[in-house]
Amino acid sequence: MDLNLNRADYLQVGVTSQKTMKLLPASRHRATQKVVIGDYDGVVTCFGMKKGEAVTVFKTLPEQKIARLELGGVLNTPQEKIFIAAGSEIRGFTKRGKQFLSFETNLTESIKAMHISGSDLFLSASYIYNHYCDCKDQHYYLSGDKINDVICLPVERLPRITPVLACQDRVLRVLQGSDVVYEVEVPGPPTVLSLHNGNGGDSGEDLWFGTSDGKLGLIQITPSKPIHKWGIQNKKKRGGILCVDSFDIVGDGVKDLLVGRDDGMVEVYSFDNANEPVLRFDQALSESVTSVQGGCVGKDGYDEIVVSTYSGWVTGLTTEPVHKESGPGEELKITQDMQNKISSLRSELEHLQYKVLQEREKYQQSSQSSKAKSAVPSFSINDKFTLNKDDASYSLVLEVQTAIDNVLIQSDVPIDLLDVDKNSAVVSFSSCDAESNDNFLLATYRCQANTTRLELKIRSIEGQYGTLQAYVTPRIQPKTCQVRQYLIKPLSLHQRTHCIDHDRPMNTLTLTGQFSFAEVHSWVVFCLPEVPEKPPAGECVTFYFQNTFLDTQLESNYRKGEGIFKSDNISTISILKDVLSKEATKRKINLNISYEINEVSVKHTLTLIHPKLEYQLLLAKKVQLIDALKELQVHEGNTNFLIPEYRCILEEADHLQEEYKKQPAHLERLYGMITDLFIDKFKFKGTNVKTKVPLLLDILDSYDQNALTAFFDAA
Numbered sequence: 001m002d003l004n005l006n007r008a009d010y011l012q013v014g015v016t017s018q019k020t021m022k023l024l025p026a027s028r029h030r031a032t033q034k035v036v037i038g039d040y041d042g043v044v045t046c047f048g049m050k051k052g053e054a055v056t057v058f059k060t061l062p063e064q065k066i067a068r069l070e071l072g073g074v075l076n077t078p079q080e081k082i083f084i085a086a087g088s089e090i091r092g093f094t095k096r097g098k099q100f101l102s103f104e105t106n107l108t109e110s111i112k113a114m115h116i117s118g119s120d121l122f123l124s125a126s127y128i129y130n131h132y133c134d135c136k137d138q139h140y141y142l143s144g145d146k147i148n149d150v151i152c153l154p155v156e157r158l159p160r161i162t163p164v165l166a167c168q169d170r171v172l173r174v175l176q177g178s179d180v181v182y183e184v185e186v187p188g189p190p191t192v193l194s195l196h197n198g199n200g201g202d203s204g205e206d207l208w209f210g211t212s213d214g215k216l217g218l219i220q221i222t223p224s225k226p227i228h229k230w231g232i233q234n235k236k237k238r239g240g241i242l243c244v245d246s247f248d249i250v251g252d253g254v255k256d257l258l259v260g261r262d263d264g265m266v267e268v269y270s271f272d273n274a275n276e277p278v279l280r281f282d283q284a285l286s287e288s289v290t291s292v293q294g295g296c297v298g299k300d301g302y303d304e305i306v307v308s309t310y311s312g313w314v315t316g317l318t319t320e321p322v323h324k325e326s327g328p329g330e331e332l333k334i335t336q337d338m339q340n341k342i343s344s345l346r347s348e349l350e351h352l353q354y355k356v357l358q359e360r361e362k363y364q365q366s367s368q369s370s371k372a373k374s375a376v377p378s379f380s381i382n383d384k385f386t387l388n389k390d391d392a393s394y395s396l397v398l399e400v401q402t403a404i405d406n407v408l409i410q411s412d413v414p415i416d417l418l419d420v421d422k423n424s425a426v427v428s429f430s431s432c433d434a435e436s437n438d439n440f441l442l443a444t445y446r447c448q449a450n451t452t453r454l455e456l457k458i459r460s461i462e463g464q465y466g467t468l469q470a471y472v473t474p475r476i477q478p479k480t481c482q483v484r485q486y487l488i489k490p491l492s493l494h495q496r497t498h499c500i501d502h503d504r505p506m507n508t509l510t511l512t513g514q515f516s517f518a519e520v521h522s523w524v525v526f527c528l529p530e531v532p533e534k535p536p537a538g539e540c541v542t543f544y545f546q547n548t549f550l551d552t553q554l555e556s557n558y559r560k561g562e563g564i565f566k567s568d569n570i571s572t573i574s575i576l577k578d579v580l581s582k583e584a585t586k587r588k589i590n591l592n593i594s595y596e597i598n599e600v601s602v603k604h605t606l607t608l609i610h611p612k613l614e615y616q617l618l619l620a621k622k623v624q625l626i627d628a629l630k631e632l633q634v635h636e637g638n639t640n641f642l643i644p645e646y647r648c649i650l651e652e653a654d655h656l657q658e659e660y661k662k663q664p665a666h667l668e669r670l671y672g673m674i675t676d677l678f679i680d681k682f683k684f685k686g687t688n689v690k691t692k693v694p695l696l697l698d699i700l701d702s703y704d705q706n707a708l709t710a711f712f713d714a715a
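For the record, in the sequence shown the residue sitting at position 253 is 253 according to the UniProt record's numbering, with numbers rising by one throughout.
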């Protein structure tokens, strides 16, 4: 990575949504460009840079929150008309700020994504897609899961209009008119789509996608089928992808891929001779990157990456060097420029301090008057609660537009808090009385100054469900707090997948009764994550899931009056049986429950657990030996007398202890799963074996796979 870019902060607007900042086309090659950005306050700001200062071209009055901002115009001409999506309305502005369009779409949901191509307008709300031509309705599609982004292959290069929807169920849906031509399975929930090189690449059909779990891919969308070209896995465990762009920042004549992530990481990928992406540059900002663009803003002739962040900062990563080479005659001029900038910053700071004093006095007077209403300051929180497949843990990200003072985490179900490397907050735990007030966890994170983003990791136990609450208090006066709630579902460690292995030994749970399709769907939503809240179109539906901790699987197939659930793990079937019975009883619905248990599945599940259990037991054993081996090393002065295995433990001591620390209660979790499997196996036979659990734990303490299997068979 030999690309050097220097950071320059230009301007701060209000809180911004994903893809709401663009650069207007330059008047000539490598001339400075104007930046246009929309924010939560509904304000569109257009500005340019002159002598290091941001100069506003135009600024609109506050309106509804801006969800998207795109550039448009006549095809094959500079795209310099500005279009914004706010609520269910599309508004258009010229580059001078004059409004020329106000189009009320009458959509029942707010617009979430937008793409513009000539006179064609492609919109999506949460589940609805609409295509308009010259503001007249053309096509409509109702998606089975949430639509995160929409794009259309370049109509000027292809003989057809091909919209593509990025849907939450890990699928790209390719449309023709109002119909799906085919679906493209991708490795994670896609959050952003972009045309390769900004024009669809050589074929005009190449499309980049980025996912919420940080993966990138390039796909060719042909008329009949997709061609997967390449993909980048998220090996460094970085944040989800919110924005991408194409721009030659390296200067080799080939457009590079610019990527912005929700953990503040900005990346540049170049393409080698084999057209494979290579990471050339990365830089971490302190908050999520909502938009990224390549261009020239700060100074003529110096290319840069311009990003907007969640709290509204517009920042440039520029090729312009910070320290200029200068002769003796030029030194005074540069110093004078600096002096001017310092004095202007001083006067701006004095003005802001005066303004703050005025507002504080105004607030004091209004809060003390007899007619005073509650003056609680409002603030925006950007939160994300997602299941990580790699380590079967939930990631809770809380991002606030201002600095966070503290976050209180409360849970009414047993969960483990795991260590996060990026987290610099100090955590303290309060004792809980779970029996009397349902508190299983009370933890307070005290954040350092200027922390606007906090990431937590938790691991839940399947079968135990309830609510996790986060009380977020920012550093603003008067003190105010917002509460966010997150559901821990009964089968919380299951994740949607495209397909399962049908050759595994499966246990089957069948429900029949007088229930509607919507009712049985609501039960599945209650039990499992990543299921759309609205019932899918059609009379029946099939979902596949994989347990991220054990790699067991679940198939759910249901319709009006019938639900069939198949899993290779008896415990999954047992949890479903208990929870679905309880939910049906709440609604006074009579359920007929039948099940088929496959004895072979128990041994199969134990085989899946075996390598994980063996690894954790060996890790625990190695960690226990470290202190004793270190003492021997100090006593003897060297490690030559130790056998190679013990020498290896000493060499890897730090890594082993760090890994053990990252996985608290991992061994206990595996013990718990084996115990549940044992109890559930015999529960379906009508036998209570809880008295034999101590014997099972004794076998686990001196673990042997054959002895454990024999115990399950003999009990």
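We put the CB at the ideal spot given by N, CA and C, even for glycine. The model shown is predicted, which means the values in this text are computed figures rather than measured ones.
Legend entry - Touching by the beta-carbon criterion (3+ pairs, under 8 Å), the region 34-42 and the region 9-23: At 8 Å Cβ cutoff, the stretches touch.
Legend entry - Separation of residue 180 from residue 167, as counted between CA atoms: Just so you know, the alpha carbons of residue 167 and residue 180 end up roughly 13 Å apart.
Inset, instruction - Taking residue 160 as part of the beta strand (DSSP E), name the residues at either end of that continuous run. - result: No beta strand (DSSP E) holds residue 160; DSSP gives it neither H nor E.
Inset, instruction - Compute the Euclidean distance between the alpha carbons of residue 330 and residue 340, then round it to the nearest angstrom. - result: Bear in mind that a pLDDT of 46 at residue 330, under 50, signals an unreliable position, so the number given afterwards is only what the model happens to contain. Near 16 Å, if we compare the C-alpha coordinates of residue 340 and residue 330.
Legend entry - Local Cβ density within 10 Å of residue 309, reported as buried at 16 or more and exposed below that: Counting C-beta atoms within 10 angstroms of its own C-beta, residue 309 has 16 or more neighbours from the protein chains shown and is therefore classed as buried.
Inset, instruction - Let me know the secondary structure DSSP gives residue 615 once reduced to three states. - result: Helix.
Legend entry - Start and end residues, beta strand (DSSP E) containing residue 498: From DSSP, residue 498 is part of no beta strand (DSSP E); its letter is neither H nor E.
Inset, instruction - Please work out which residues of its chain come closer than 7 Å, Cβ to Cβ, to residue 583, disregarding the five sequence neighbours upstream and downstream, and give them in chain order. - result: Take residue 583, set aside five residues on each side of it, and the residues of its chain with a beta-carbon closer than 7 Å to its own are 523 and 526, in chain order.
Inset, instruction - Using three-state DSSP, classify residue 706 as helix, strand or coil. - result: Helix at residue 706.
Legend entry - Exposed unless 16 or more other CB atoms sit within 10 angstroms - verdict on residue 33: That one is buried.
Inset, instruction - Can you have a look at residue 72 and say buried or exposed, based on whether 16 or more other CB atoms are within 10 angstroms of its CB? - result: When all chains shown are included, residue 72 counts as buried.
Legend entry - Buried or exposed (CB count within 10 angstroms, at least 16 for buried), residue 325: The predicted model places residue 325 with a pLDDT of 49, which falls under 50 and marks its position as unreliable; any figure quoted below should be read in that light. Result: exposed.
Inset, instruction - Determine the direct distance from the alpha carbon of residue 172 to that of residue 408, and round the result to whole angstroms. - result: A direct Cα-to-Cα measurement between residue 408 and residue 172 gives close to 38 Å.
Legend entry - Uninterrupted beta strand (DSSP E) stretches inside the region 170-241 (no shorter than 3 residues): Counting only runs of 3 or more, we get 171-176, 179-185, 190-195, 206-211, 216-221 and 226-232.
Inset, instruction - Taking residue 459 and residue 393 to be in contact with their CB atoms under 8 Å, please state how far apart those CB atoms are, rounded to whole angstroms. - result: Yes, they are in contact, since the Cβ atoms of residue 459 and residue 393 sit about 5 Å apart, within 8 Å.
Legend entry - Three-way DSSP call (helix, strand, coil) for residue 105 in this model: The answer is coil: DSSP assigns residue 105 none of H, G, I, E or B.
Legend entry - residue 327 classed as buried or exposed, judged by whether at least 16 other C-beta atoms fall within 10 angstroms: With a pLDDT of only 48 at residue 327, under the threshold of 50, the placement of this residue in the model should not be trusted, and no figure is reported.
Legend entry - Identified DSSP bridge partners for residue 115: Under DSSP, the beta-bridge partners assigned to residue 115 are 122.
Inset, instruction - Classify residue 37 as helix, strand or coil using the three-state DSSP reduction. - result: In the structure shown, residue 37 sits in a strand (DSSP, three-state: E or B).
Legend entry - Counted within 10 angstroms of its Cβ, other Cβ atoms place residue 78 as buried (16 or more) or exposed: With fewer than 16 other beta carbons inside 10 angstroms of its own, residue 78 counts as exposed.
Legend entry - Segment limits, beta strand (DSSP E) that includes residue 29: No beta strand (DSSP E) contains residue 29, which DSSP labels as neither H nor E.
Legend entry - 6 Å CB neighbourhood of residue 380 in its chain, flanking five on each side removed: So the list reads 15 and 401, once near-sequence residues are dropped.
Inset, instruction - Just the C-alpha distance for residue 399 and residue 285, rounded to the nearest angstrom, thanks. - result: Those two C-alpha atoms are separated by around 13 Å.
Inset, instruction - Report the option in 545, 117 and 505 whose CA atom is closest to the CA atom of residue 499. - result: Comparing Cα-Cα distances from residue 499 to each of 545, 117 and 505, the minimum goes to 545.
Inset, instruction - Taking the CB atoms as reference points, tell me whether residue 474 and residue 404 lie closer together than 9 Å. - result: Against a cut-off of 9 Å, the Cβ pair of residue 404 and residue 474 comes out as a contact.
Inset, instruction - With distances taken Cα to Cα, identify the nearest neighbour of residue 156 among 143, 184 and 120. - result: Here the closest residue by C-alpha is 120.
Inset, instruction - Express the C-alpha separation of residue 215 and residue 711 in angstroms, rounding to a whole number. - result: Those two C-alpha atoms are separated by around 43 Å.
Inset, instruction - Using the Cα positions of residue 350 and residue 357, report the straight-line distance between them to the nearest angstrom. - result: Straight-line measurement puts the Cα of residue 357 at about 11 Å from the Cα of residue 350.
Legend entry - Sheet register partners of residue 46 (DSSP bridge): In the DSSP assignment, residue 46 forms a beta bridge with 36 and 58.
Inset, instruction - Rounded to whole angstroms, what's the CA-CA distance from residue 332 to residue 299? Just pull it up for me. - result: Note that residue 332 scores a pLDDT of 45, beneath 50, so its modelled location is shaky and nothing firm can be said.
Legend entry - Best match in 3, 529 and 242 for proximity to residue 252 [C-alpha to C-alpha]: Considering only alpha carbons, the answer is 3.
Inset, instruction - With distances taken Cα to Cα, identify the nearest neighbour of residue 318 among 268, 363 and 107. - result: Restricting attention to 268, 363 and 107, the CA atom closest to the CA of residue 318 is found in 268.
Legend entry - the region 433-450 touching the region 51-63, judged by at least three CB pairs closer than 8 Å: Cβ pair count under 8 Å is below three, so no.
Legend entry - Backbone CA spacing between residue 462 and residue 489 [nearest angstrom]: Near 8 Å, if we compare the C-alpha coordinates of residue 489 and residue 462.
Inset, instruction - Decide if residue 135 is buried, meaning its Cβ has at least 16 other Cβ atoms within 10 Å, or exposed. - result: With fewer than 16 other Cβ atoms within 10 Å, it is exposed.
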